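Its first residue numbered 11, the sequence shown is counted upward by one per residue in this note's numbering. Data block below; observations after.
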Amino acid sequence: MGEYGGILRRGERVPEGVDYLPVEDRTVLWGRLPCSADAPVLTVASGTSVVVDTLSHEGILPDQGSDPVAFFSGHGVSADAVLTEAAELASAGARDPESDGPHVVTGPIAVTGARPGDLLAVDVLDLTPRVPYGVISNRHGRGALPGEMPAGPDNVSVFCGIGRDAEGAWRGWLPTREGGPASVGFHLAPFLGIMGVATATDERAHSVPPGPHGGNIDIKELVAGTRLYLPVQVPDALFYAGDPHFAQGDGEVALTALEASLRATLRLTVVPEREVIRAFGELAGPLGETADHLIPTGMDEDLDEAMRACVRQAVAILAARYGMDAHLAYAYLSAATDFRISQVVDLVQGVHATIRTSDFEAVPHDRA
Numbered sequence: 011m012g013e014y015g016g017i018l019r020r021g022e023r024v025p026e027g028v029d030y031l032p033v034e035d036r037t038v039l040w041g042r043l044p045c046s047a048d049a050p051v052l053t054v055a056s057g058t059s060v061v062v063d064t065l066s067h068e069g070i071l072p073d074q075g076s077d078p079v080a081f082f083s084g085h086g087v088s089a090d091a092v093l094t095e096a097a098e099l100a101s102a103g104a105r106d107p108e109s110d111g112p113h114v115v116t117g118p119i120a121v122t123g124a125r126p127g128d129l130l131a132v133d134v135l136d137l138t139p140r141v142p143y144g145v146i147s148n149r150h151g152r153g154a155l156p157g158e159m160p161a162g163p164d165n166v167s168v169f170c171g172i173g174r175d176a177e178g179a180w181r182g183w184l185p186t187r188e189g190g191p192a193s194v195g196f197h198l199a200p201f202l203g204i205m206g207v208a209t210a211t212d213e214r215a216h217s218v219p220p221g222p223h224g225g226n227i228d229i230k231e232l233v234a235g236t237r238l239y240l241p242v243q244v245p246d247a248l249f250y251a252g253d254p255h256f257a258q259g260d261g262e263v264a265l266t267a268l269e270a271s272l273r274a275t276l277r278l279t280v281v282p283e284r285e286v287i288r289a290f291g292e293l294a295g296p297l298g299e300t301a302d303h304l305i306p307t308g309m310d311e312d313l314d315e316a317m318r319a320c321v322r323q324a325v326a327i328l329a330a331r332y333g334m335d336a337h338l339a340y341a342y343l344s345a346a347t348d349f350r351i352s353q354v355v356d357l358v359q360g361v362h363a364t365i366r367t368s369d370f371e372a373v374p375h376d377r378a
């Protein structure tokens, strides 16, 4: 993970010779996701690593004044510490606030040779913060407590500074009372809330609800060093990324977590359909992988249905990968696997499981 602190501007500190996708008018969609009708803004071969800049939507939205320099200056951020592309996008107004989502999405990137039935494996190699601050927002009619929070008539955007604690570790800092000193510090774990492939439709999907294409899945475990598998929907996959976070709790209850811009280094690799079936069976949606866990997902407007979908996917993966009978997989999941709420705020709600792969490498003592 890259170092916190300074401002990482567009085009700065990009390694020589790598494919780089900045945030600019030609490379982003605001509030919508790429579809089959979209042309790629970059084309790469399978196995290529790309550097992708992402931009947080917090600070540029209409309820924040559509002027990020003015918004952040109100929290003590100097004008030269606001990313240029934030001001460019806010002034361009290339978004319908009545029908489009809030997220800025970078892409799409064509990965040559990807076909429906394949998986696109996205290795998250590095995530470097581009600014030393972020925002956590709660908006009326959204979040886990609509009608209760926000308590007043206005939407609430909470500014969060980034700084070191007494041991030198970087944290996000909040006050306990409005206007008070920052005294509550929490660990940072940057990840991309949105990673996805284009939908097999002629129209662009809204950026908020996640689905089989990935999109706004908001799974906080997908930090640097992890992998996400996405079922390819259209030829060449058309990958995109956005909704950068510095930190999030499972559930993301207030509507957003700590939103702030990141630079991502990602490796994009096509996994052929025959290998997919052998390794995972018929994947119905995104699948995460860390050094220790497989992370199947379930999504639905109803949280109970999202949970059921996740359990079914987990059972199917254990059958395909380890040859496990369904009733035994079900028992194992009940005894040894945590099912977590990814988020409850994105119209389509998410659940993900954390299956420990080391459990399937253990040997009973009397058989060792």
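The beta-carbon is built from N, C-alpha and C at its ideal position, and this holds for glycine as well. Computed from a predicted model, the values in this text were never measured in an experiment.
Do the CB positions of residue i and residue j come within less than 8 Å of each other?
{"i": "Pro118", "j": "Val51", "result": "yes"}
{"i": "Leu343", "j": "Met334", "result": "no"}
{"i": "Glu213", "j": "Cys320", "result": "no"}
{"i": "Gly228", "j": "Ser352", "result": "In the sequence as displayed, the identity of residue 228 is Asp instead of Gly. Yes. Within cutoff."}
{"i": "Gln323", "j": "Gly360", "result": "no"}
{"i": "Ala124", "j": "Pro306", "result": "no"}
{"i": "Gly189", "j": "Arg181", "result": "no"}
{"i": "Ser217", "j": "Leu43", "result": "yes"}
{"i": "Val355", "j": "Asp310", "result": "no"}
{"i": "Val280", "j": "Ser59", "result": "no"}
{"i": "Val166", "j": "Leu278", "result": "no"}
{"i": "Asp128", "j": "Glu262", "result": "no"}
{"i": "Ala104", "j": "Trp40", "result": "yes"}
DSSP beta-bridge partners for residue i?
{"i": "Asp63", "result": "Arg273"}
{"i": "Arg105", "result": "In DSSP, Arg105 forms no bridge with anything."}
{"i": "Phe201", "result": "His255"}
{"i": "His303", "result": "Arg366"}
{"i": "Asp133", "result": "Arg237 and Arg277"}
{"i": "Tyr332", "result": "Per DSSP, none; premise fails for Tyr332."}
{"i": "Val114", "result": "Trp40"}
{"i": "Arg140", "result": "None, per the DSSP bridge assignment."}
{"i": "Ser167", "result": "Ser147"}
{"i": "Phe249", "result": "Ile119 and Val207"}
{"i": "Asp128", "result": "Pro126"}
{"i": "Asp175", "result": "Partner(s): none; Asp175 has no beta bridge."}
{"i": "Cys320", "result": "For Cys320, which the question treats as bridged, DSSP gives no partner whatsoever."}
{"i": "Thr53", "result": "Ala120"}
{"i": "Arg181", "result": "Gly173 and His197"}
{"i": "Ile351", "result": "Val361"}
{"i": "Gly224", "result": "Gly206 and Gly221"}
CA-CA distance, residue i and residue j?
{"i": "Glu269", "j": "Val87", "result": "16 Å"}
{"i": "Met11", "j": "Ala234", "result": "Its pLDDT being 41, under 50, Met11 is placed unreliably in this model, and the coordinates cannot settle the point."}
{"i": "Thr113", "j": "Val134", "result": "Note that residue 113 is His in the sequence shown here, rather than Thr. Distance between the alpha carbons of His113 and Val134: 20 Å."}
{"i": "Arg187", "j": "Thr300", "result": "37 Å"}
{"i": "Ala372", "j": "Arg331", "result": "16 Å"}
{"i": "Phe82", "j": "Pro160", "result": "21 Å"}
{"i": "Val415", "j": "Ala339", "result": "Look at the range of the chain in this structure, 11 to 378, and you will see that residue 415 is not part of it."}
{"i": "Thr347", "j": "Leu202", "result": "24 Å"}
{"i": "Gly221", "j": "Pro185", "result": "36 Å"}
{"i": "Ser101", "j": "Thr94", "result": "11 Å"}
{"i": "Leu18", "j": "Arg273", "result": "8 Å"}
{"i": "Gly75", "j": "Arg149", "result": "14 Å"}
{"i": "Lys230", "j": "Asp260", "result": "7 Å"}
{"i": "Ala179", "j": "Pro191", "result": "19 Å"}
{"i": "Ala89", "j": "Pro126", "result": "45 Å"}
{"i": "Glu26", "j": "Pro374", "result": "50 Å"}
{"i": "Thr209", "j": "His223", "result": "6 Å"}
{"i": "Ala5", "j": "Ala345", "result": "Outside the displayed range of the chain (11 to 378) lies residue 5, so it cannot be described from this structure."}
{"i": "Asp5", "j": "Glu98", "result": "The chain is shown from 11 up to 378; residue 5 falls before or after that span and cannot be answered."}
{"i": "Val38", "j": "His337", "result": "46 Å"}
{"i": "Arg36", "j": "Pro139", "result": "23 Å"}
{"i": "Gly162", "j": "Thr122", "result": "51 Å"}
{"i": "Glu158", "j": "Ala247", "result": "41 Å"}
{"i": "Leu71", "j": "Met205", "result": "21 Å"}
{"i": "Asn226", "j": "Val207", "result": "11 Å"}
Can you give the beta carbon distance from residue i to residue j, rounded, assuming they're within the 8 Å contact cut?
{"i": "Val62", "j": "Leu276", "result": "6 Å"}
{"i": "Leu379", "j": "Pro200", "result": "Here the chain covers residues 11 to 378 and nothing more, so residue 379 does not appear."}
{"i": "Pro250", "j": "Val115", "result": "Before going further, note that residue 250 is Tyr rather than Pro in the sequence given. Contact flag correct, Cβ pair sits at about 5 Å."}
{"i": "Val145", "j": "Ala91", "result": "Between Ala91 and Val145 the Cβ distance is about 14 Å, and since that is not below 8 Å, they are no contact."}
{"i": "Glu292", "j": "Ala316", "result": "At roughly 18 Å, the Cβ-Cβ gap does not stay under 8 Å, so Glu292 and Ala316 are not in contact."}
{"i": "Ser368", "j": "Asp314", "result": "Contact flag wrong, Cβ pair sits at about 30 Å."}
{"i": "Ile365", "j": "Leu265", "result": "Between Leu265 and Ile365 the Cβ distance is about 29 Å, and since that is not below 8 Å, they are no contact."}
{"i": "Ala54", "j": "Asp77", "result": "With the sequence shown as reference, residue 54 is identified as Val, and Ala is not the correct amino acid for it. Their Cβ separation, rounded to whole angstroms, is 35 Å, which puts Val54 and Asp77 out of contact at 8 Å."}
Just checking: is the beta-carbon of residue i within a distance shorter than 8 Å of some beta-carbon in chain C?
{"i": "Arg105", "result": "Going by chain labels, chain C is absent from the structure shown, which holds only one protein chain."}
The ligand NAP and residue i: does the residue's C-beta get closer than 7 Å to at least one heavy atom of that ligand?
{"i": "Glu68", "result": "For the structure depicted, the ligand NAP is absent and the ligand set is empty, with no information on it obtainable."}
Task: Meets three-Cβ-pair contact criterion under 8 Å: the region 228-245 and the region 90-109 - done: no
- [ ] Spell out a yes or no on whether the region 247-267 and the region 52-72 are touching, meaning 3 or more CB-CB pairs, one atom from each, closer than 8 Å.
- [x] yes
TODO: Specify whether the region 191-207 and the region 19-32 touch according to this definition: at least 3 beta carbon pairs, one from each stretch, less than 8 Å apart.
DONE: no
Task: Touching by the beta-carbon criterion (3+ pairs, under 8 Å), the region 133-153 and the region 281-294 - done: no
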